[in-house]
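Peer 1:
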Amino acid sequence: TVGCVVVDKEGRCAAATSTGGLMNKMSGRIGDSPIIGSGTYACKLCAVSCTGEGEAILRGTLARDVAAVMEYKGLGLQEAVNFVIKERLDDGGKAGLIAVSNKGEVAYGFNTNGMFRGCAAEDGFMEVGIWE
Amino acid sequence: MGRWAIALHGGAGVDPNLPLQRQEEAKQLLTRCLNLAISALRSNHSAIDVVELVVRELETDPLFNSGRGSALSEKGTVEMEASIMDGPKRRYGAVSGLTTVKNPVSLARLVMEKSPHSYLAFSGAEEFARQQGVELMENEYFITQDNVGMLKLAKEANAILFDYRIPTTGLECCAAEADNPLMMNGLPINVYAPE
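What follows is the structure, encoded as structure tokens:
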């Protein structure tokens with residue numbers, strides 16, 4: 019799975035996710051990536067793209083939950099990402115996600131051993147990584 | 014004026030023994046995509062344009078599991094899916110079951126912008142793609158030799174792999190790691206490759 023989240027200078031957030039799904043999946047299987055609120059979500063507050071065990075992400079509605087805990091619980095972006103990874107995945111569910119906020123923050127989280135990721139911000143911050 | 018920011022991913026769940034060369038290739042691709050996005054944002058492109066631009070680039074490179082390089086179904090075919098969402102306007106487009114569309118994310122955007130719907134799948138999505146004139150490829154274009162090998166291993170292991178791929182180092186890898194106590198879906202953790 020690949021994904022990208024962006025907030026532009028106008029504070030507009032957008033998210034996109036694309037995937038081939040699971041190796042050896044049944045024909046006709048649909049995962050989290052195209053499901054609004056599961057693998058992909060964006061609103062005025064933030065944008066989120068997920069990757070990992072599709073069925074676990076679907077059950078946890080991970081992407082929407084990041085926005086929801088920011089909106090209803092008042093959490094910051096990284097706090098929201100951490101909360102969702104820790105609290106919203108089933109036991110053993112493995113996933114990762116990336117997020118940006120309308121304030122120009124970036125955040126990511128995962129409970130797998132690694133996630134291919136990169137982020138950059140207008141202040142010059144730039145990072146590419148795989149492991150924790 | 015606010016501050017722009019971008020994050021991107023190429024999948025979670027990475028073989029801890031992923032060769033350094035593969036790690037470097039992944040980092041180079043991620044860096045190239047970041048630079049593409051930075052340049053677009055500095056040129057005042059909108060967030061929705063930039064996410065599509067970046068995901069198209071990732072789909073076109075066979076390194077990660079999307080577009081060319083997608084994981085294979087049990088039939089050895091590629092069935093791709095993608096989505097895109099524009100936050101402020103609350104618009105959404107998604108596609109599933111694509112077998113010929115070179116860049117699924119762009120078709121998802123067309124669903125969002127040019128159809129009265131949010132989500133098209135399988136034959137309907139393919140028909141919409143033809144109507145819209147997007148670039149189409151034979152299914153073979155999306156299939157890499159690495160993934161053919163991974164599917165073979167997955168079938169031999171009788172496993173559906175949750176967004177992870179078995180590296181092409183072969184079954185001897187699985188045997189070599191048989192003593193590893195960390196398991197996922199019935200297989201040692203380090204037989205899994207990204208996505």
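Line by line, the protein sequences give chains S and P. Quick note: the first sequence uses our numbering, first residue 19, plus one each step. Quick note: the second sequence uses our numbering, first residue 14, plus one each step. Ideal placement from N, C-alpha and C gives every residue a C-beta, glycine not left out. Being a predicted model, the structure only gives us computed values, none of them experimental.
Beta-carbon within less than 8 Å of residue 138 of chain S's beta-carbon, same chain only, minus the 5 sequence neighbours each way: which residues are those?
Peer 2: In the first sequence, the residue the question calls residue 138 of chain S occupies position 120. Cβ within range, chain order: 124, 144, 145.
Peer 1: Give the single residue among P:105, P:93, P:51, P:162 whose Cα lies nearest to the Cα of residue 26 of chain S.
Peer 2: As a first step, residue 26 of chain S is located in the first sequence; it is residue number 8 there, counting from the start. Checked all of P:105, P:93, P:51, P:162; the closest Cα to residue 26 of chain S is P:51.
Peer 1: Who are the near neighbours of residue 97 of chain S in its chain, counting only those whose CB is closer than 6 Å to its CB and skipping five residues on each side?
Peer 2: Walking along the first sequence from the start, residue 97 of chain S turns up at place 79. Closer than 6 Å at the Cβ level, and outside the excluded window around residue 97 of chain S, lies no residue.
Peer 1: Given residue 89 of chain S, which residues of its chain have a CB within under 7 Å of its CB, disregarding the five upstream and five downstream residues?
Peer 2: Here residue 89 of chain S corresponds to residue number 71 of the first sequence, with the count starting at 1. Excluding sequence neighbours, residue 89 of chain S sits near 63.
Peer 1: Do you know how far the Cα of residue 55 of chain P is from the Cα of residue 18 of chain P?
Peer 2: Start at 1 with the first residue of the second sequence, and residue 18 of chain P comes out as number 5. Start at 1 with the first residue of the second sequence, and residue 55 of chain P comes out as number 42. Looking at the two C-alpha atoms, the distance is approximately 11 Å.
Peer 1: Buried or exposed, going by whether 16 or more other CB atoms sit within 10 Å of the CB of residue 33 of chain P?
Peer 2: One-based indexing of the second sequence puts residue 33 of chain P at position 20. Exposed: under 16 other Cβ atoms inside 10 Å.
Peer 1: Does the Cβ-Cβ distance between residue 35 of chain S and residue 83 of chain P come in under 9 Å?
Peer 2: Working through the first sequence from its first residue, we reach residue 35 of chain S at position 17. Working through the second sequence from its first residue, we reach residue 83 of chain P at position 70. Result no, Cβ atoms of residue 35 of chain S and residue 83 of chain P do not sit closer than 9 Å.
Peer 1: Could you tell me whether the stretch 117-125 of chain P touches the stretch 94-105 of chain P, using the rule of 3 or more Cβ pairs below 8 Å?
Peer 2: Contact between the stretch 117-125 of chain P and the stretch 94-105 of chain P is present, because at least three Cβ pairs lie under 8 Å.
Peer 1: For the pair the stretch 123-143 of chain P and the stretch 73-80 of chain P, tell me if three or more CB-CB distances fall below 8 Å.
Peer 2: Output reads no: the stretch 73-80 of chain P does not touch the stretch 123-143 of chain P.
Peer 1: Looking only at C-alpha atoms, which of P:31, P:125, P:114 sits nearest to residue 104 of chain P?
Peer 2: Position 91 of the second sequence, counting from 1, holds the residue named residue 104 of chain P. Comparing Cα-Cα distances from residue 104 of chain P to each of P:31, P:125, P:114, the minimum goes to P:125.
Peer 1: With a floor of 3 residues, list each beta strand (DSSP E) that falls wholly inside the stretch 60-129 of chain P, ordered by position along the chain.
Peer 2: Here the runs fully enclosed are 93-99, 104-111.
Peer 1: In chain order, which continuous runs of the alpha helix (DSSP H) of length 4 or greater are located wholly inside the stretch 28-56 of chain P?
Peer 2: With a minimum length of 4 residues, the continuous alpha helix (DSSP H) runs that stay inside the stretch 28-56 of chain P are 33-55.
Peer 1: State the CB to CB distance for the pair residue 20 of chain S and residue 79 of chain P, rounded to an integer number of angstroms; the pair is presumed to be in contact (CB under 8 Å).
Peer 2: Position 2 of the first sequence holds residue 20 of chain S. Position 66 of the second sequence holds residue 79 of chain P. At roughly 4 Å, the Cβ-Cβ gap stays under 8 Å, so residue 20 of chain S and residue 79 of chain P are in contact.
Peer 1: Report all residues from its chain with a CB closer than 8 Å to the CB of residue 31 of chain S; omit the five preceding and five following residues, and keep chain order.
Peer 2: To locate residue 31 of chain S, count along the first sequence from 1; it is residue 13. If we look at residue 31 of chain S and ignore the five residues flanking it on each side, its Cβ neighbours are 23, 24, 25, 60, 61, 62, 63, 64, 65, 118, 119, 120.
Peer 1: Quick one: is residue 92 of chain S near chain P, going by C-beta distance under 9 Å?
Peer 2: Position 74 of the first sequence, counting from 1, holds the residue named residue 92 of chain S. Chain P, which has no Cβ nearer than 9 Å to the Cβ of residue 92 of chain S, makes this no.
Peer 1: Are the C-beta atoms of residue 105 of chain P and some chain S residue less than 9 Å apart?
Peer 2: Working through the second sequence from its first residue, we reach residue 105 of chain P at position 92. Yes, residue 105 of chain P counts as interfacial toward chain S.
Peer 1: Determine, using beta carbons only, whether residue 152 of chain P comes closer than 9 Å to chain S.
Peer 2: Here residue 152 of chain P refers to the residue found at position 139 of the second sequence. Judged by the 9 Å Cβ criterion, residue 152 of chain P is not in contact with chain S.
Peer 1: Going by C-alpha to C-alpha distance, which of P:88, P:39, P:22, P:68 sits closest to residue 42 of chain S?
Peer 2: The residue you call residue 42 of chain S lines up with position 24 of the first sequence. Per the Cα distances, P:88.
Peer 1: Is any beta-carbon of chain P found at less than 9 Å from that of residue 63 of chain S?
Peer 2: The residue you call residue 63 of chain S lines up with position 45 of the first sequence. Output row for residue 63 of chain S: interface = yes.
Peer 1: If you follow the beta strand (DSSP E) that residue 167 of chain P is in, where does it begin and where does it stop?
Peer 2: Mapped onto the second sequence, residue 167 of chain P falls at position 154. Not the beta strand (DSSP E): residue 167 of chain P falls in the alpha helix (DSSP H), residues 158-169.
Peer 1: Who are the neighbours of residue 118 of chain P on chain S, taking C-beta pairs under 7 Å?
Peer 2: By one-based count along the second sequence, residue 118 of chain P stands at place 105. In chain order: 34, 36.
Peer 1: May I ask you to list the residues that DSSP assigns as paired with residue 67 of chain S?
Peer 2: As a position in the first sequence, residue 67 of chain S is number 49, starting the count at 1. DSSP, once it has assigned bridges, lists S:58, S:116 as partnering residue 67 of chain S.
Peer 1: Please list the partners that residue 80 of chain P has in chain S, where partner means a Cβ-to-Cβ separation under 7 Å.
Peer 2: Here residue 80 of chain P corresponds to residue number 67 of the second sequence, with the count starting at 1. Per Cβ cutoff of 7 Å: 36.
Peer 1: Determine the contact status of residue 23 of chain P and residue 135 of chain S, defining contact as a CB-CB distance below 9 Å.
Peer 2: Within the second sequence, residue 23 of chain P is the residue found at index 10, counting from 1. Within the first sequence, residue 135 of chain S is the residue found at index 117, counting from 1. A contact, by the Cβ cut-off of 9 Å.
Peer 1: In the structure shown, what three-state DSSP assignment does residue 73 of chain S receive?
Peer 2: For the purposes of this step, residue 73 of chain S is taken as residue 55 along the first sequence, with counting starting at 1. Correct three-state label for residue 73 of chain S: helix.
Peer 1: Taking 8 Å as the cut-off, does the stretch 126-133 of chain P touch the stretch 152-161 of chain P (at least 3 CB pairs, one atom from each stretch)?
Peer 2: No, because fewer than three Cβ pairs between the stretch 152-161 of chain P and the stretch 126-133 of chain P fall closer than 8 Å, the two stretches do not touch.
Peer 1: Check whether chain P comes within 9 Å of residue 118 of chain S, counting only Cβ atoms and requiring the distance to be less than that.
Peer 2: Numbered from its first residue, the first sequence carries residue 118 of chain S at position 100. Cβ-Cβ to chain P under 9 Å: yes for residue 118 of chain S.
Peer 1: Between the alpha carbons of residue 164 of chain P and residue 172 of chain P, how many angstroms are there, rounded?
Peer 2: Locating residue 164 of chain P in the second sequence gives position 151, counting from the first residue. Locating residue 172 of chain P in the second sequence gives position 159, counting from the first residue. Taking the straight line from one Cα to the other gives about 10 Å.
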